[in-house]
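Engineer: Residue numbers (the numbering used here): 204 to 731. Where a beta carbon is used, it is the ideal one built from N, C-alpha and C, also for glycine. My questions all concern the structure below.
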Amino acid sequence: MDYFFLDALIRQIQPQLHGALVNKIYQPQSDTLVFKMWNGRQEVRLVMRLGPAAAELYLTDQNARNPMRPPRFCQLLRARLHRLESIRLDPMDRIVRLHFNGKEGQSSTLVATFFGRDANLSLLNDEGQLVDVLHRQNARFQEPSELLADQIALIDLVQWLRDHEPPESIQTFLSERVVPMSRAVASSLVTTTEQNPLIQQVGAFVTAWQQGQLKPRCRGKRLTMWLTGDDEAASNLSRYAREHGAGKGPDDLGRVVQKALKRLYKRLASIDAQWQECEQADLFRQQADLLSAQRHLLKRGMTDVEVTDYYQDPPVMCRLKLDPAKAPQENIDQYYKRYSKAKRGLDHCLRRHEQTEQEIAWLEEITEQLESDSAGDLDVIRQELIEAGIYRPQNTLNRETRRTSPADLMRKTVSPAGWPVLWGRNNKTNDYLSKQMLKANDLWFHAHLMPGSHVVLKCDGADVAEEDVLFAAAIAARFCRGKNSSKVEVMVAYGKHVKRVKNAPPGLVTVDEFRTVMVAPAQEVKEA
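Structural data, given as C-alpha cells:
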C-alpha cells in the first residue's frame, strides 16, 4: 500500500467508521486484527494486517477464524478501546492513526505503520507514551517524517518544474526527491505527450489529490491512482482487498498444500524410475542361473565370461561381467543377490507408489476444499494438515485451532421428493459421511475421476426418482474441480459398494460398482 492508496482508502471508509462503537476485537492470525464495530446503522468489520508479507487495511463482511484464547495484544486492545473517534493519515508518511476513547473516558491511539517488512501496530496512551506493540521483535516507534533539505513537497512540484530544467530521469527524480510519492504514481506521471506535458500532468494530479478526488484504479493485477468515479473507486477498493487480503500471508494453506504436492509428484517420478530398474529382476535371475549351470567356465581373476544363453530360441552366446577379485561361486552369488534386491525393490516400489498416489489424491481433494467459504471447514482442514505433519504453524496462535466436530460441518438439503441429501466440504466430514452416515442401501455420489465432495442421498433402499438422483448429482458437480464446466460426469453407487481405503488419509474410498450420470453443476444450493 502506498501513500496515495491509503489516503483514498481512508477517505472512503472514514464516514462508516467515525464514532463507531467497538463490539469485539479478534486476532485470527499473528499479524491480523479484526475490529467488529457498530456505527449506528450497520455492523462493520475493519481488518488491519501488518506483517512482513503484506500490510493491508480494508473493510470486510466475512467472518474470521478465531483462536481459542485471544492473544496478549488483542486482550489489551479489548480492555482499552471502546469508541473510534477518528482515523487519519500522517501528511507525508504511510502512518495511519486511529484515535479511540475508552469506557472510563481515557483516550488511546493505535498507530499503524505500513512500511513493508517493518509494518507494525503500536498502542499509545493519552500522553502519547508507548504501551505495547503487535510485533515486539525489532519493534521501533516511527515518528512523523520531516521534509529533508533536498526533498520537494508535492504541492510545490509544479512551481519547481517551472523554475528548473526537467531532470534526465523524471521517474527517478519523482520517486527519490518528491514527498509524498510512490513508484506507481511516478510511473503514471512520466507518460507525457505534446498535448499533455509533465507540468499539466502533475498539476492535475496535485489538484485531484488536494480535493480528495484521487481514486484507485485496477489495471490487471496492478493498482494505479488517478481520477475516476466514486462507484468505480469503491469497486476497485473492494476488488483489491478481496484479491490481496483474503487467504494470504503466513497462514496460507494453499501455498503449503501446493508445495507438498510438488514434492509428492517429484517423489512419484523417482519411484517410477526406480521401478524400471527393478523390473530387470528376472534378467538378473536368468544370468545367475546361466553362470551356475556353466560354472566350469569360471575362474578367479576373470573380468567377464562368455556363456550360452539357453533362454533364447535358438540359444545364443552372451558375455557376462565378473569381479576378478571374487571366486566363481561368489560371482554367482552376487548375481543372485542382485536378483533378490531387485525383487524386493519391486514390492517396495509398488507399496510406495500406491501410498504416494493416495497422498496426492488426498491433497488434491484438500486443494478443492480450500475454496470453502466456511471458517469451520478451514479449521478442520488446517488441523488435518497439522496432524499429517504437512503444516507446521510457527506460533501457538495458528496451532491452537478450535476443535470442530465433522458432524457439525455436514451440509444438508432436501431433494424435490423430500429425500435428505448430505455432503461435506472437508475430508473429515466426507469421511464421517461415508463411514457413519452412509448405509448399505443409501445412494452415494462423487465427481468421476476428479476431487470433490462426497454426497449422500438417504433413501434406505427405497425407489428414488431420477429427478432426485440428478438433483444430488448436481450438488456433487457443484462442489468438485469441474464446477465451472457445463457438464460433469458424476458417479452414483449404493453404499454397500463404497469401501474406505485401509490406512489411507481420511476421505479416500474405493467403489466396487457404480453408474455415471452427466449433469450441469447446481448454480445454487439452499441448505436446510
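(1) Could you give the distance in angstroms between the alpha-carbon of GLY450 and the alpha-carbon of ILE298?
(2) Please state the DSSP three-state secondary structure of HIS499.
(3) Determine, using beta carbons only, whether ALA707 and GLN561 come nearer to each other than 8 Å.
(4) Is it true that the region 542-555 meets the region 617-634, where meeting means three or more beta-carbon pairs spaced less than 8 Å apart?
(5) By Cβ distance below 8 Å, which residues in the same chain neighbour LEU220 in space, the five residues on each side in sequence not counted?
(6) Assuming contact is defined by CB atoms lying nearer than 8 Å, are ASN633 and ASP663 in contact in what I supplied?
(7) Alpha carbon to alpha carbon, how far is PHE318 from ARG252?
(8) So THR719 and HIS651 are supposed to be a Cβ contact under 8 Å. How far apart are they, rounded?
(9) So SER473 is in the alpha helix (DSSP H); what residue range does that whole segment cover?
(10) Label GLN797 either buried or exposed according to how many other C-beta atoms from any shown protein chain fall within 10 Å of its C-beta, with 16 as the threshold for buried.
(11) Quick test of your reading: VAL583 and LEU612, contact by CB under 8 Å. State the CB separation rounded to the nearest angstrom.
(12) Quick check on ARG738: does DSSP put it in helix, strand or coil?
(13) Apart from the five residues just before and just after PHE487, which ones in its own chain have a Cβ nearer than 7 Å to its Cβ?
(14) Taking 8 Å as the threshold (C-beta atoms), are ASN534 and LEU494 in contact?
(15) Please classify HIS197 as buried or exposed, where buried requires at least 16 neighbouring CB atoms within 10 angstroms.
(16) List in chain order: all unbroken beta strand (DSSP E) runs of 3+ residues lying wholly within the region 657-726.
(17) Look at the Cβ atom of ASP671, then the Cβ atom of ALA620, and state whether they are nearer than 8 Å.
(18) Which residues bound the beta strand (DSSP E) around PRO623?
(19) Which first and last residues belong to the alpha helix (DSSP H) in which ASP550 is found?
(20) Can you tell me whether THR396 is buried or exposed? The criterion is at least 16 other CB atoms within 10 Å of its CB, across all chains shown.
(21) What are the boundary residues of the alpha helix (DSSP H) that includes GLN245?
(22) Return helix, strand or coil for ALA223, following the three-state DSSP convention.
(23) DSSP beta-bridge partners for ASN304?
(24) Is ASN630 helix, strand or coil by DSSP?
(25) Could you round the C-beta distance between GLY685 and MET653 to whole angstroms and report it? I think they count as a contact, below 8 Å.
(26) Tell me the DSSP secondary structure of ALA407 in three-state form.
(27) Out of ARG283, ARG320, GLN265, ALA496, point me to the one whose CA is closest to PRO255's CA.
(28) Under 8 Å between the Cβ atoms of VAL693 and ALA665?
(29) Could you spell out where the beta strand (DSSP E) holding ARG614 opens and where it closes?
(30) Tell whether a beta-carbon distance below 8 Å holds between VAL691 and HIS700.
(31) Out of LEU501, VAL459, ARG555, which has the shortest C-alpha to C-alpha gap to ALA530?
(32) So, are the CB atoms of PHE717 and ALA696 less than 8 Å apart?
(33) With distances taken from CA atoms, which of LYS615, ASP205, GLN490 is nearest PRO294?
(34) Leaving aside the five residues before and after LEU280 along the sequence, list all residues of the same chain whose C-beta is less than 6 Å from its C-beta, in chain order.
(35) Look at GLU571 and GLY710 and say whether their C-beta atoms are less than 8 Å apart.
(36) Please report how far the alpha carbon of ASP475 lies from the alpha carbon of GLU590, in whole angstroms.
Structural biologist: According to the structure shown:
(1) Summary for GLY450: the model assigns pLDDT 41, below 50, so the residue's position carries little reliability; its value from the coordinates is reported in the next sentence. Rounded to whole angstroms, GLY450 to ILE298 spans 24 Å at the Cα level.
(2) Of the three classes helix, strand and coil, the one that applies to HIS499 here is helix, per DSSP.
(3) Contact flag set, yes.
(4) no
(5) MET240, ASN242, VAL247, LEU249, LEU287, ILE290
(6) no
(7) 12 Å
(8) 6 Å
(9) Element bounds for SER473: 456-481.
(10) Within the shown structure, residues of the chain are numbered from 204 to 731, placing residue 797 beyond reach of any answer.
(11) 6 Å
(12) In the structure displayed, the chain extends from 204 to 731; residue 738 sits before or after that span and is not available.
(13) TYR538, ARG541, TYR542, ALA545
(14) yes
(15) With the chain covering 204 to 731 only, the question about residue 197 has no answer from this structure.
(16) 658-660, 691-697, 701-703, 712-714, 718-722
(17) yes
(18) 623-626
(19) That run of the alpha helix (DSSP H) goes 531-572.
(20) Reliability of the predicted coordinates at THR396 is poor, the pLDDT of 47 falling under 50, and no value is obtained from them.
(21) Counting along the chain, GLN245 falls outside any alpha helix (DSSP H), and DSSP gives it neither H nor E.
(22) It is coil, neither helix nor strand.
(23) Answer is ARG286, SER310, bridged to ASN304.
(24) helix
(25) 6 Å
(26) helix
(27) ARG320
(28) no
(29) 614-617
(30) No. Outside cutoff.
(31) LEU501
(32) yes
(33) ASP205
(34) ILE228
(35) no
(36) 28 Å
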